[in-house]
Amino acid sequence: MIVHTLRCCVQAAVEAGVDWDCYGPFSAYSSAVTKGLLKEALLDQALTRVLAAHVKLGFFDPPSMVVSPLRSLSCFPPAPRHPSLFPCG
């Protein structure tokens with residue numbers, strides 16, 4: 128499917144099951160709903176799934192309750208610098 132506007136892109140993405148768009152402008156979502164391209168209930172379902180996942184992962188828990196090492200970036204070892212990305216050292 129080829130879309131020509133950001134509103135249509137948002138509609139196609141949400142209807143295809145994309146729940147989380149980290150980079151898109153949020154105004155496109157409200158515009159798509161206002162123009163009747165996207166049902167508000169479908170957007171509510173996507174948001175509910177995203178927030179439910181955050182709750183299950185403990186993102187809203189106080190730091191004293193967090194036991195998962197996945198919440199801390201320090202659990203991931205630093206990646207080696209790739210020479211093609213840093214040619215001058």
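Read in order, the letters of the sequence shown are residues 128 to 216 in our numbering.
For every residue, glycine included, the Cβ atom is placed at its ideal position computed from N, Cα and C.
Here the structure is a predicted model, which means the values were calculated and not measured.
Rounded to the nearest angstrom, the gap between the Cα atoms of Pro189 and Trp147 is 24 Å. Setting aside the 5 residues that flank it on each side, Gln138 is surrounded in the same chain by Ala159, Leu164 and Leu165, each with a C-beta closer than 7 Å to its C-beta; the list follows chain order. Closest by C-alpha distance to Asp171, out of Tyr156, Lys183, His181 and Val194, is Tyr156.
In the same chain as Arg134, and ignoring 5 residues on each side of it, the C-beta atoms closer than 7 Å to its own belong to Ala155, Ser158, Ala159, Lys162 and Leu164, in chain order.
Taking 4 residues as the shortest admissible run, the region 136-173 contains the following complete alpha helix (DSSP H) segments, listed from N- to C-terminal end: 154-161.
Linking Met192 to Val145 through their CA atoms gives a straight-line distance of about 30 Å.
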